[in-house]
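Worksheet: the structure to be examined is printed underneath.
2 protein chains.
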Amino acid sequence: MTENHHQPLEGKECHKHLLSVRDALDVLNGKWKIPIIIALSFGNYRFKELHRAIGITPKMLSKELKDLEMHELVVRNVYSTNPVSIEYSLTPYAATLRQVIESLDKWGEQHRARVMKKTTA
Amino acid sequence: MTENHHQPLEGKECHKHLLSVRDALDVLNGKWKIPIIIALSFGNYRFKELHRAIGITPKMLSKELKDLEMHELVVRNVYSTNPVSIEYSLTPYAATLRQVIESLDKWGEQHRARVMKKTTA
DNA sequence: CATACTGGTTTCCTAAAGGAAAGCAGATCA
DNA sequence: TGATCTGCTTTCCTTTAGGAAACCAGTATG
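Which chain is which? The protein sequence lines are A and B, in order. For what it's worth, the working numbering labels the leading residue of the first sequence as -5, then goes sequentially. For what it's worth, the working numbering labels the leading residue of the second sequence as -5, then goes sequentially.
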């Protein structure tokens, strides 16, 4: 804490990390991608189910699902039932996000608790 | 993967997680908060240093630093040198984000590698 | 035949994110 | 006395995110 003054910060290992998180955030940006992935981690669900459970508008849901498909995190499954039913599911690749989502979840939970305590005090 | 069809998804543990990540994302939203925290994890830095190292505009940097201060993740230190110098540093609370940032960093790095491999192939 | 469900799309709108550039006060340096 | 650095702020602008509501085709179901 005291006198933690610095090397120049330019041209350092720092930039490698900045680049990595930028790449990650380019995929996970916005309000909805992580919530959608979380919901689908509980099972495969249909469009309207996701819409209702997450509280996302159909327009955004449609767009975000396409983005997630593009990044190979989600798959759209069409079943030839009658009538056709459609389900979204996570790809195996989405499982690589587990640590990200778990730590975010955990942090959010404790942060909420911390904020509650402060505002109540 | 096959037949992972679902319980209703409503009123379940899922919502707890949705709530937590929403709380986390409310604090860490946008393109810049995490990059700023990463930079400051390498030491305390001044406004223009951050501006140059991260490639963020002064307007955004100013705004994001205020947000981060508000959430008690960053502190603005004014030193009575002559002339006054100002440094930003992380609070101890910011350390609780370590897992979040590390996993995001790691995921971004491997994701970049994966994408590179695909586009080259 | 009417109603309702699914899986979306479309249109309209507002607000927020974010960049570019200029400016500004205070101090220092030549 | 200019020029230059710092730590910002201000203005102007474009893009994106996101919500609300309506709509639509296809398939039921009553």
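Ideal Cβ placement from N, Cα and C applies to all residues, glycine included. Remember, it's a predicted structure, so these values are computed and weren't measured experimentally.
Assigned secondary structure, A:SER74 (DSSP; H/G/I helix, E/B strand, else coil): Of the three classes helix, strand and coil, the one that applies to A:SER74 here is coil, per DSSP.
Nearest neighbour of B:ALA18, chosen from A:LEU98, A:CYS8, A:THR113 [CA to CA]: With distances taken between Cα atoms, B:ALA18 lies closest to A:LEU98.
Touch test, the stretch 3 to 16 of chain A against the stretch 21 to 32 of chain B, Cβ-Cβ under 8 Å, three pairs minimum: The stretch 3 to 16 of chain A is in contact with the stretch 21 to 32 of chain B.
Near-chain B residues of the stretch 47 to 77 of chain A - C-beta to any C-beta below 8 Å: Cβ proximity to chain B below 8 Å picks out ALA47, ILE48 from the stretch 47 to 77 of chain A.
Sequence-distant residues of its chain with Cβ nearer than 8 Å to B:TRP26 (five each side left out): Same-chain partners within the cutoff: ILE48, ILE50, MET54, LEU55, GLU58.
Separation of A:ASN38 from A:VAL94, as counted between CA atoms: Roughly 21 Å between the two C-alpha positions.
Listed by chain order, chain B residues near A:ALA113 by CB distance under 8 Å: It is Thr, not Ala, that sits at residue 113 of chain A in the sequence shown. The premise fails here: A:THR113 is roughly 13 Å from chain B at the closest Cβ pair, so nothing lies under 8 Å.
C-beta contact flag for A:SER79 and A:VAL69 at 7 Å: No. Outside cutoff.
Interface residues of chain B facing A:HIS11 [CB-CB closer than 7 Å]: Under the 7 Å cutoff, chain B gives ILE32, ASP99.
Cβ-based burial, A:THR(-4) [other Cβ within 10 Å; buried from 16]: Low per-residue confidence applies at A:THR(-4): pLDDT is 42, beneath 50, and the placement is therefore not dependable enough to give any value.
Beta-carbon proximity check, A:ARG106 vs A:GLU81, cutoff 7 Å: Not in contact: A:ARG106 and A:GLU81 (Cβ atoms no closer than 7 Å).
Residues near A:ASN71 in its chain [Cβ-Cβ closer than 8 Å; skip 5 each side]: So the qualifying residues of the chain are ASN38, ILE80, GLU81, TYR82, SER83.
Chain-ordered neighbours of B:LYS6 on chain A, where CB pairs are closer than 8 Å: Residues of chain A passing the Cβ test: PHE36.
Beta-carbon spacing of B:ILE28, A:VAL15 below 7 Å: Less than 7 Å divides the Cβ of B:ILE28 from the Cβ of A:VAL15.
Contact with chain A by B:HIS105, beta-carbon distance below 7 Å: Closer than 7 Å to some Cβ of chain A, the Cβ of B:HIS105 qualifies, so yes.
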